[in-house]
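Trainee:
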């Protein structure tokens with residue numbers, strides 16, 4: 176009944192009727208506000224008349240060139256009607272003359288931005304001339320402005336938008352807002368493209384949740400408008416330098432406004448193509464693949480900070496850390512900020528564990544290690560097996576003593592572990608320094624299954640590690656981690672230097688290369704000296720345990736004196 180009674184009255188009148196039905200008294204409206212509302216209602220009618228005029232003009236002989244252009248761009252008649260695309264004739268007064276004949280005043284045309292006045296005393300003129308016209312509607316479907324694409328290649332502006340008016344605030348609206356919002360409600364993704372033609376082409380290609388900013392870079396208000404529609408809009412940008420710069424501007428704008436469940440992803444088109452180009456060259460499937468591969472914002476943040484740079488000194492690495500901290504510190508949501516810091520740590524770890532530039536790639540000899548690794552493998556001193564054993568001990572100690580994960584975070588991020596299994600396990604552990612041993616073990620098992628962790632912990636070389644047999648002694652655990660990191664690092668440091676020297680075999684081996692090799696070899700010798708000293712003082716049992724040689728000799732002497740007779744032991 177209420178709907179029937181209010182369908183022919185204005186919005187505020189309907190609200191007042193509803194309030195009356197509920198027994199409420201609406202406050203008196205400010206007369207100036209009422210006057211402004213009435214003026215806006217009239218100007219909306221003027222804009223609708225302009226839409227009809229431009230659509231009609233597209234079908235005339237004056238619009239032939241525009242129709243040919245739109246057909247060349249692949250826009251079908253249904254799309255032209257859906258987006259109400261029209262044409263502004265190449266005439267200073269075509270729109271004014273037509274609308275004045277329908278009772279529209281020059282003042283109203285100027286207020287809507289459709290006409291403009293000249294500073295030199297010439298008569299007012301139509302703002303849009305010889306342009307393909309795109310109506311811009313607000314979320315309620317009301318036409319608030321126009322965008323126009325020039326047909327003249329020599330025009331000063333390829334695209335021209337309405338000026339800001341009583342109806343139009345370009346920083347608080349998006350092109351195709353209403354239809355895109357409806358499409359997102361039907362499980363479409365919200366895609367933010369750069370221009371009108373991109374939005375129209377995407378919608379025609381089946382990606383109906385497409386919107387675009389209105390002739391400016393994305394604003395804070397537009398960001399919040401996007402997030403009210405979808406929690407994770409996809410920013411679709413051209414894959415050229417301008418597109419990358421635009422992505423960086425959006426990132427800088429968004430950082431202080433990010434919240435849990437409020438993010439952005441970035442889909443970069445192939446170089447030299449925008450979404451419209453890609454649709455025409457590769458079809459909807461090509462666009463779908465690019466959108467599905469959209470990167471989270473943290474990936475682009477990282478790429479910007481390392482692009483074109485080398486980090487061959489502690490100072491440069493510290494400068495990188497500072498820049499990353501400056502970015503993440505802008506995130507107000509503490510939980511989300513922690514996740515960004517963890518993700519950047521992960522990216523840093525992956526970057527710095529990569530093989531040094533110039534070093535030849537060669538697959539490592541992977542030795543299958545059983546859960547019952549024999550001590551003879553240690554005696555054989557095979558470097559890959561030795562590193563595997565050391566890394567296993569290292570991971571086991573870190574699992575048992577989680578605070579050490581934070582203490583040695585930087586060194587752990589630099590490791591390149593011997594097997595994918597250990598490598599993945601460390602990746603799971605790297606950001607869990609504040610968790611308990613039980614939580615860490617549970618997370619590893621959840622992500623990798625129970626077998627890898629069980630194999631690690633039941634290995635003999637792990638089970639005999641002293642600090643694991645005395646789990647409350649954190650100082651012993653710390654010393655074990657320090658020692659294993661030093662040995663692993665020295666072995667791999669020498670490997671890197673040798674690879675670099677081999678890769679430069681066409682050059683003369685100068686004193687610098689020899690010095691670096693010498694330093695790496697010396698570091699390895701120092702780190703492994705304790706192993707040599709161990710072998711001088713210890714024997715290895717069948718189970719891999721170290722046995723003090725002096726104590727073993729005393730035990731052997733004692734056992735030799737024992738007489739095992741049939742009647743007992745004497």
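Numbering (our numbering), first residue to last: 176 to 745.
Beta carbons are placed, not taken as given, at the ideal position from N, Cα and C, and that holds for glycine.
1. Which residue or residues does DSSP assign as beta-bridge partners of residue 335?
2. Considering only the alpha carbon of each residue, which of 626, 276, 275, 389 lies closest to residue 310?
3. Given this structure, state the Cα-to-Cα distance separating residue 256 from residue 359, to the nearest angstrom.
4. Can you tell me which of the three DSSP states residue 462 falls into?
5. Measuring only the C-alpha atoms, how far is residue 420 from residue 662?
6. I need the boundaries of the beta strand (DSSP E) containing residue 309, first residue and last residue.
7. Under a three-way DSSP split, which group does residue 426 fall into?
8. Please classify residue 253 as buried or exposed, where buried requires at least 16 other C-beta atoms within 10 Å of its C-beta.
9. Contact between the stretch 395 to 410 and the stretch 355 to 374: three or more CB pairs below 8 Å?
10. Ignoring anything shorter than 3 residues, give me the beta strand (DSSP E) runs that lie fully in the stretch 384 to 445, in order along the chain.
11. Measuring straight from C-alpha to C-alpha, what distance separates residue 274 and residue 282?
12. Could you tell me which of 270, 211, 439, 206 sits nearest to residue 233, measuring between CA atoms?
13. Using 10 angstroms around the beta-carbon of residue 510, count the other beta-carbons present and answer buried if the total reaches 16, otherwise exposed.
14. Could you round the C-beta distance between residue 440 and residue 470 to whole angstroms and report it? I think they count as a contact, below 8 Å.
15. Could you check if residue 613 is buried or exposed, using at least 16 other CB atoms within 10 Å of its CB as the buried criterion?
16. Check for me: the alpha helix (DSSP H) holding residue 353 runs from which residue to which?
17. Using only CA atoms, which one of 379, 449, 304, 340 lies nearest to residue 369?
18. In chain order, what residues of the same chain have a beta carbon less than 8 Å from the beta carbon of residue 491, not counting five sequence neighbours either side?
19. With distances taken from CA atoms, which of 409, 429, 380, 500 is nearest residue 443?
20. Where do the ends of the alpha helix (DSSP H) carrying residue 513 lie?
21. For residue 504, which of 427, 260, 263, 375 has the nearest alpha-carbon?
22. For residue 238, name the three-state secondary structure that DSSP assigns.
23. State the Cα-Cα distance for the pair residue 331 and residue 425, rounded to the nearest angstrom.
24. Does DSSP put residue 261 in a helix, a strand or coil?
25. On the CB-based measure, 16 or more other CB atoms within 10 Å of its CB, does residue 194 come out buried or exposed?
26. Can you list, in chain order, the residues of its chain with a C-beta nearer than 6 Å to that of residue 393? Leave out the 5 residues immediately preceding and following it.
27. Considering just the uninterrupted stretch of the alpha helix (DSSP H) at residue 218, what are its terminal residues?
28. Taking all protein chains shown into account, decide if residue 604 is buried (16 or more other Cβ within 10 angstroms of its Cβ) or exposed.
29. With distances taken between CB atoms, is the gap from residue 345 to residue 336 smaller than 8 Å?
30. Give me the Cα-Cα distance between residue 438 and residue 463, rounded to the nearest whole angstrom.
31. Which residues mark the beginning and the end of the alpha helix (DSSP H) in which residue 643 is found?
32. Taking its Cβ as the centre, do 16 or more other Cβ atoms sit within 10 Å of residue 465, making it buried, or is it exposed?
33. As a quick exercise: from 251, 277, 240, 246, pick the residue whose alpha carbon is nearest that of residue 265.
34. Return the Cβ separation of residue 301 and residue 293 in integer angstroms, given the expectation that the two are a contact with Cβ distance under 8 Å.
35. Give the range of the alpha helix (DSSP H) segment to which residue 345 is assigned.
Mentor: Result, derived from the coordinates:
1. 323
2. 389
3. 21 Å
4. helix
5. The straight-line gap from Cα to Cα measures roughly 44 Å.
6. 306 to 312
7. helix
8. exposed
9. yes
10. As far as the stretch 384 to 445 is concerned, its whole beta strand (DSSP E) runs of at least 3 residues are 409 to 412, 440 to 443.
11. 12 Å
12. 270
13. exposed
14. 6 Å
15. exposed
16. 352 to 359
17. 449
18. 484, 485
19. 409
20. 509 to 527
21. Looking from the CA of residue 504, the closest CA among 427, 260, 263, 375 belongs to 427.
22. For residue 238, the secondary structure class from DSSP, reduced to helix, strand or coil, is helix.
23. Taking the straight line joining both Cα atoms gives about 27 Å.
24. strand
25. exposed
26. 425
27. 206 to 233
28. buried
29. At the C-beta level, residue 345 and residue 336 come within 8 Å of one another.
30. 20 Å
31. 641 to 644
32. buried
33. 240
34. Not confirmed; about 12 Å, so no contact.
35. Unbroken run through residue 345: none, as it is neither H nor E.
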